[in-house]
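Trainee: First, the structure itself, so that you have it in front of you.
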Amino acid sequence: MKSKIFERIRELLVDKYYVPYDDVKIDTVYEHLDIDSLTLLEIFVILDKEYKLTSSNSNISDEITIGQSIDNLLAGN
Numbered sequence: 001m002k003s004k005i006f007e008r009i010r011e012l013l014v015d016k017y018y019v020p021y022d023d024v025k026i027d028t029v030y031e032h033l034d035i036d037s038l039t040l041l042e043i044f045v046i047l048d049k050e051y052k053l054t055s056s057n058s059n060i061s062d063e064i065t066i067g068q069s070i071d072n073l074l075a076g077n
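Everything in the sequence shown is counted per our numbering, starting at 1 for the first residue and increasing by one.
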């Protein structure tokens with residue numbers, strides 16, 4: 001499930017927010033991609049709807065890695 005969510009996040013970042021594909025890795029910190037907290041919230045709302053997962057706004061931060069954010073998302077479900 002983690003890899004599936006990662007691929008969806010990568011797809012959103014590349015297609016919707018024009019982040020270079022090679023810059024999006026599981027250990028990349030969102031802040032290094034110039035992604036702000038509002039954009040992150042939008043991404044996680046999409047993930048919540050698509051995967052029926054519930055995220056806490058307190059777990060969403062641009063200072064953590066993509067992998068950590070996925071772990072936080074999965075830990076809450």
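Note that the Cβ used here is the ideal one computed from N, Cα and C, for glycine as well. All values reported here derive from a predicted model rather than from experimental measurement.
Thinking C-alpha only, which one of Asp-23, Phe-44, Ser-37 is nearest Asp-62?
Mentor: Residue Ser-37 is the option with its Cα nearest to Asp-62.
Trainee: If we ignore side chains and look at the alpha-carbon of each, how far apart do Thr-123 and Lys-25 end up?
Mentor: Absent from the model: residue 123. The displayed extent of the chain is 1 to 77, so no value can be given.
Trainee: Is DSSP giving Val-19 helix, strand or coil here?
Mentor: The answer is coil: DSSP assigns Val-19 none of H, G, I, E or B.
Trainee: So, Asp-22 versus Leu-33, is the Cβ gap smaller than 9 Å?
Mentor: Contact flag unset, no.
Trainee: As an exercise, report each continuous beta strand (DSSP E) stretch of at least 3 residues that is fully enclosed by the segment 21-58, in chain order.
Mentor: Entirely contained in the segment 21-58, not one beta strand (DSSP E) run reaches 3 residues.
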